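Novice:
Number of protein chains: 2
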Amino acid sequence: MVRNKKYALKDIANDLNISKTTVSFVLNNKGDENKISADTQKRIKEYAKKNGYVPNQLARGLSRGKSETIGLIIPNISDTFYSKVAGVIEKEAQEQGYTVLFSSSYEDPKKEGKLIHSMLNRQVDGLIIASTQQNQKEIDFLKKEKFPFVLFDRYYPDKDTDYVVVDNYLGTKKITKHLLGLGRKKIGLITLKPGLEPIAQRLQGYKDALIDFDIKPEESHIVEIERESYFKEIENAIINLISGKKTVDAIVFSTHYLASQGLRVLKKLSISVPKDVAIVSFDELSAFDIVDPPITSVIQPTNEIGSTAVKILLNKMNGAIHGKTETKVLETKLEIRASCGELE
Amino acid sequence: MVRNKKYALKDIANDLNISKTTVSFVLNNKGDENKISADTQKRIKEYAKKNGYVPNQLARGLSRGKSETIGLIIPNISDTFYSKVAGVIEKEAQEQGYTVLFSSSYEDPKKEGKLIHSMLNRQVDGLIIASTQQNQKEIDFLKKEKFPFVLFDRYYPDKDTDYVVVDNYLGTKKITKHLLGLGRKKIGLITLKPGLEPIAQRLQGYKDALIDFDIKPEESHIVEIERESYFKEIENAIINLISGKKTVDAIVFSTHYLASQGLRVLKKLSISVPKDVAIVSFDELSAFDIVDPPITSVIQPTNEIGSTAVKILLNKMNGAIHGKTETKVLETKLEIRASCGELE
DNA sequence: ACCAACAACTAAACCGATTTAGTAAGTAAG
DNA sequence: CTTACTTACTAAATCGGTTTAGTTGTTGGT
Numbered sequence: 000m001v002r003n004k005k006y007a008l009k010d011i012a013n014d015l016n017i018s019k020t021t022v023s024f025v026l027n028n029k030g031d032e033n034k035i036s037a038d039t040q041k042r043i044k045e046y047a048k049k050n051g052y053v054p055n056q057l058a059r060g061l062s063r064g065k066s067e068t069i070g071l072i073i074p075n076i077s078d079t080f081y082s083k084v085a086g087v088i089e090k091e092a093q094e095q096g097y098t099v100l101f102s103s104s105y106e107d108p109k110k111e112g113k114l115i116h117s118m119l120n121r122q123v124d125g126l127i128i129a130s131t132q133q134n135q136k137e138i139d140f141l142k143k144e145k146f147p148f149v150l151f152d153r154y155y156p157d158k159d160t161d162y163v164v165v166d167n168y169l170g171t172k173k174i175t176k177h178l179l180g181l182g183r184k185k186i187g188l189i190t191l192k193p194g195l196e197p198i199a200q201r202l203q204g205y206k207d208a209l210i211d212f213d214i215k216p217e218e219s220h221i222v223e224i225e226r227e228s229y230f231k232e233i234e235n236a237i238i239n240l241i242s243g244k245k246t247v248d249a250i251v252f253s254t255h256y257l258a259s260q261g262l263r264v265l266k267k268l269s270i271s272v273p274k275d276v277a278i279v280s281f282d283e284l285s286a287f288d289i290v291d292p293p294i295t296s297v298i299q300p301t302n303e304i305g306s307t308a309v310k311i312l313l314n315k316m317n318g319a320i321h322g323k324t325e326t327k328v329l330e331t332k333l334e335i336r337a338s339c340g341e342l343e
Numbered sequence: 000m001v002r003n004k005k006y007a008l009k010d011i012a013n014d015l016n017i018s019k020t021t022v023s024f025v026l027n028n029k030g031d032e033n034k035i036s037a038d039t040q041k042r043i044k045e046y047a048k049k050n051g052y053v054p055n056q057l058a059r060g061l062s063r064g065k066s067e068t069i070g071l072i073i074p075n076i077s078d079t080f081y082s083k084v085a086g087v088i089e090k091e092a093q094e095q096g097y098t099v100l101f102s103s104s105y106e107d108p109k110k111e112g113k114l115i116h117s118m119l120n121r122q123v124d125g126l127i128i129a130s131t132q133q134n135q136k137e138i139d140f141l142k143k144e145k146f147p148f149v150l151f152d153r154y155y156p157d158k159d160t161d162y163v164v165v166d167n168y169l170g171t172k173k174i175t176k177h178l179l180g181l182g183r184k185k186i187g188l189i190t191l192k193p194g195l196e197p198i199a200q201r202l203q204g205y206k207d208a209l210i211d212f213d214i215k216p217e218e219s220h221i222v223e224i225e226r227e228s229y230f231k232e233i234e235n236a237i238i239n240l241i242s243g244k245k246t247v248d249a250i251v252f253s254t255h256y257l258a259s260q261g262l263r264v265l266k267k268l269s270i271s272v273p274k275d276v277a278i279v280s281f282d283e284l285s286a287f288d289i290v291d292p293p294i295t296s297v298i299q300p301t302n303e304i305g306s307t308a309v310k311i312l313l314n315k316m317n318g319a320i321h322g323k324t325e326t327k328v329l330e331t332k333l334e335i336r337a338s339c340g341e342l343e
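Here the protein sequences come in this chain order: A and B. Here the first sequence is numbered in numbering that gives the first Met the number 0, starting from 0 and rising by one per residue. Here the second sequence is numbered in numbering that gives the first Met the number 0, starting from 0 and rising by one per residue.
1) Helix, strand or coil for residue 70(A), going by three-state DSSP, please let me know.
2) So residue 299(B) packs on residue 101(B), CB below 8 Å; how close in whole Å?
3) Using a Cβ-Cβ distance cut-off of 9 Å, determine whether residue 201(A) contacts chain B.
4) I need the boundaries of the alpha helix (DSSP H) containing residue 88(A), first residue and last residue.
5) Whole angstroms is fine: what's the gap from residue 189(B)'s alpha carbon to residue 272(B)'s?
6) Considering Cα atoms alone, identify which of 238(A), 87(A) and 70(A) is closest to residue 77(B).
7) Under 9 Å, Cβ to Cβ, is there at least one residue of chain B near residue 299(A)?
8) Assign residue 223(B) to one of three DSSP states: helix, strand, or coil.
9) Kindly indicate which residue of 163(B), 171(B) and 264(B) has the alpha-carbon position closest to the one of residue 280(B).
10) Sort out for me which residues DSSP pairs residue 334(B) with in a bridge.
11) Could you check what DSSP says for residue 22(B) in three-state terms: helix, strand or coil?
12) Taking DSSP as the reference, what is the three-state secondary structure of residue 136(A)?
13) What is the DSSP secondary structure of residue 11(A), counted as helix, strand or coil?
14) So residue 227(A) contacts chain B; which residues on that side make the cut at Cβ distance below 9 Å?
15) Under a Cβ-count criterion, where at least 16 other Cβ atoms within 10 Å of its own Cβ denotes burial, should residue 20(A) be classed as buried or exposed?
16) Can you tell me whether residue 293(A) is buried or exposed, with buried defined as 16 or more other CB within 10 angstroms of its CB?
17) Less than 8 Å between C-beta atoms, sequence neighbours within five positions excluded: which residues of the same chain meet that for residue 2(B)?
18) Using a Cβ-Cβ cut-off of 8 Å (strictly less than) and excluding sequence neighbours within five positions of residue 336(A), which residues of its own chain qualify?
19) Does residue 268(A) pass the burial test, meaning 16 or more other C-beta atoms within 10 Å, or should it be called exposed?
20) Strictly below 9 Å CB to CB, what residues from chain B border residue 121(A)?
21) Kindly identify the DSSP beta-bridge partner or partners of residue 249(A).
22) Does residue 162(A) come out as helix, strand or coil in the three-state DSSP assignment?
23) Is residue 184(B) close to chain A? Criterion is C-beta to C-beta, closer than 9 Å.
24) Closest to residue 158(B) by C-alpha separation, out of 168(B), 141(B) and 167(B), would be which residue?
25) Evaluate residue 132(A) with the Cβ neighbour count: other Cβ atoms within 10 Å of its Cβ, from every protein chain shown; 16 or more gives buried, anything less gives exposed.
26) Using beta-carbon positions only, say whether residue 165(B) and residue 22(B) come within less than 9 Å of one another.
27) Output, in chain order, the set of chain A residues within a Cβ distance shorter than 8 Å of residue 76(B).
28) At 8 Å on the CB atoms, spell out the chain A contacts of residue 284(B), in chain order.
29) Distance check for residue 32(B) and residue 57(A), CA to CA, integer angstroms please.
30) Residue 347(A) touches chain B at which residues, Cβ-Cβ below 9 Å?
31) Let me make sure I understand the geometry here. Which of 39(A), 284(A), 24(A) and 259(A) has the alpha-carbon closest to that of residue 15(A)?
32) For residue 241(A), tell me which candidate among 220(A), 260(A), 232(A) and 259(A) has the shortest Cα-Cα distance.
33) Can you grab the Cα-Cα spacing for the pair residue 303(A) / residue 13(B), in whole Å?
34) Measure the Cβ-Cβ separation of residue 125(B) and residue 265(B) and say whether it is below 9 Å.
35) So is residue 205(B) in contact with chain A if we call contact Cβ pairs under 9 Å?
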């Protein structure tokens, strides 16, 4: 509350009988180019250090029109995927002298819109967003303003923006083909209700894998679940897949939490994995290699996602590639474990 | 780069032929208390809305000396424990109109110190810190400045500060006693090298549980590992515990990552859990209930930790409880699963 | 002796708000 | 017709920096 007034630029200037201008030049390492004598520079720098001077970033940001801050908007920082990516984003940003402001949208497009504007008011220099994909308007706004931003994980396929994503399509395609290659013929998919590009891609990859093996995708083998209530819905989903007339012998889960909850349910129903049904997961949790059975997963390169996002954003912010958008589609990696029946 | 100048307070004032003062009063809902006529208030508000005016938070922050931002400094946002807590902190903060700036210290005291100052320069209104516990100086500085901050997870036991932690001592004590109650007599502990209060408490809880059962803690049963190299060190640690002359029949792991890596090693060494050795973990990963075997864990109340930290911080920031420090020690919960041998 | 060039600074505007200390006009009381 | 209050505003300082456009004093060339 009662912050004692900080030691400011003005104070150094007064104490040293030098103008604010000179002090500012020197402390921003623009002393030489502004012909400040070596002696004066030394005096200022030493005095500043001695008194523990640190610039007020709000003031600096206000006058420079930038804040050395980047905004990160994600669905939920508590999700391991996003927290991993956030970790590398923050690390890279920190190395470049940026601090990151983050906010979770909780998959609410309205909140996401507000957050975008709130971040802009706070004068962030750039934004990294894993969008709900329901904010066409805000995205257009950002583009119109030529505000630097990059999307990751979720993007707007029909908009020309910078983004970094993984090849979701190929991810499920590879893993589904792997199951098919192991002799599983009736493969189910438990996924989320449509709306997100990665989810759509994962669905398509699954279907195309079947088609490549001359199997017609059965609608009854595809269960789309509401994200908010997946915890409850998944049991019925599995029961339907397992006990219907066309019982499946494998299930592809399109997210890590569907997979882990799915496995819980399978255990509860005493269905043997992978004997009765094989399972695989898109994305993973860090203990998936020691669960019973270890779950075959499509691994996303979280490090690369984060670092690429930051790299692209910094390019944009520096105006290096003005106009041209930069996009990156990263490959996923299959981690074959016992749950798909190969190693048992 | 070329942000077109934003629509500012001044512009509203000019367009409406009204002073900035009046506009500022009205838009801050201080119109009535400053006797601005209802008519004028309406005009200003409508005009502002129509033109999508939003205040520049840097300018506001600069003149008010506060930024509606709270800083969060944690060891690593990628760790599930911290990401969960960070999630609830951000959620609660968001509800109160605050945005959170976060940075990871990666357990580096120097970096933590820098981050604290960097946050202060950015004029955060308060700080929430899970400290490396090596920054006495900075903590004293914050106290001296009467800057609002609250510690969580790690605190400075000999300093009078606000904090919220869990009862680490009781956590390991309970879990160790549980093992003893199941007939395990030779219980090992795999933990981190000393330096952090929670780790010290967990060690003590383990020892005291043994003592309560009239068992003298054996130094050779306690292995302290370097955090940075736990991945490699843990194999030797386990081999020593298992194959020494005084073989253990149970192992307490003091963190979730030690436990999961420990289990990997035990599997690799073909040691049966819990038949040969039972294991338990302090803290957990979200899949610990489906690993093989499910790992008995001491659960930390992440929601409560986060929300309590924010509550205390807001109290401090509002000067409600000036002077008096507020501390909270939360209870852990035992989640009994198969790895401790009870349910097999 | 005079002007140009340069070295070493500085005054003041500005970024976009907030806030203190007024002011002008209208009304009511004595 | 003063004096004293209100009402409804506003001018200007301030927060703490950055930056443009000068200003002085010295040196060197002719």
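Note that the Cβ used here is the ideal one computed from N, Cα and C, for glycine as well. Given the structure is predicted, the values throughout are model-derived calculations rather than measurements.
Specialist: Let me spell this out:
1) Three-state DSSP puts residue 70(A) in a strand.
2) Between residue 299(B) and residue 101(B), the beta carbon gap of about 19 Å keeps them out of contact (Cβ cut-off 8 Å).
3) By this cut-off, residue 201(A) is not an interface position.
4) Unbroken alpha helix (DSSP H) run through residue 88(A): 79-94.
5) Approximately 16 Å between the Cα atoms of the pair.
6) Nearest of 238(A), 87(A) and 70(A) to residue 77(B), Cα basis: 87(A).
7) Not an interface residue.
8) In the three-state scheme derived from DSSP, where H, G and I count as helix and E and B as strand, residue 223(B) is classed as strand.
9) Taking only the C-alpha atoms, the option nearest residue 280(B) is 171(B).
10) As DSSP reads the structure, residue 334(B) sits in a beta bridge with 296(B).
11) Correct three-state label for residue 22(B): helix.
12) In the three-state scheme derived from DSSP, where H, G and I count as helix and E and B as strand, residue 136(A) is classed as helix.
13) In this structure, residue 11(A) counts as helix in the three-state DSSP scheme.
14) Listed along chain B, no residue sits closer than 9 Å to residue 227(A) by beta-carbon distance, the nearest being about 16 Å off.
15) Residue 20(A) sits exposed, since fewer than 16 C-beta atoms from the chains shown fall within 10 Å of its C-beta.
16) By the 10 Å Cβ count, residue 293(A) comes out buried.
17) The predicted position of residue 2(B) is uncertain, since its pLDDT is 45 and thus under 50; a value taken from the coordinates is nonetheless stated next. Closer than 8 Å at Cβ, skipping near neighbours: no residue.
18) Within the same chain, Cβ atoms closer than 8 Å to the Cβ of residue 336(A) are found at 287, 288, 292, 293, 294, 295, 296 and 342, the five residues on either side in sequence being excluded.
19) Residue burial is scored here from C-beta neighbours: residue 268(A) has fewer than 16 other C-beta atoms within 10 angstroms and is therefore classed as exposed.
20) Listed along chain B, the residues sitting closer than 9 Å to residue 121(A) by beta-carbon distance are 55, 56, 57, 60, 66, 67, 68 and 98.
21) Residue 249(A) pairs with 186(A) and 277(A).
22) Taken through DSSP and simplified to helix, strand or coil, residue 162(A) comes out as strand.
23) Under the Cβ distance rule, residue 184(B) does not count among the residues neighbouring chain A, no pair being separated by less than 9 Å.
24) Taking only the C-alpha atoms, the option nearest residue 158(B) is 141(B).
25) Its Cβ being crowded by 16 or more others within 10 Å, residue 132(A) is buried.
26) At least 9 Å separates the beta-carbon of residue 165(B) from that of residue 22(B).
27) Proximity of chain A to residue 76(B) at the Cβ level (cut-off 8 Å) is accounted for by 76, 82, 85, 86 and 89, in chain order.
28) Ordered by position in chain A, the residues that pass the 8 Å Cβ test against residue 284(B) are 284, 285 and 286.
29) Approximately 29 Å between the Cα atoms of the pair.
30) Outside the displayed range of chain A (0 to 343) lies residue 347(A), so it cannot be described from this structure.
31) Minimum Cα-Cα distance from residue 15(A) among the listed residues 39(A), 284(A), 24(A) and 259(A) corresponds to 39(A).
32) Closest option to residue 241(A), Cα to Cα, is 220(A).
33) Between residue 303(A) and residue 13(B), the C-alpha separation is close to 49 Å.
34) No.
35) Under the Cβ distance rule, residue 205(B) does not count among the residues neighbouring chain A, no pair being separated by less than 9 Å.
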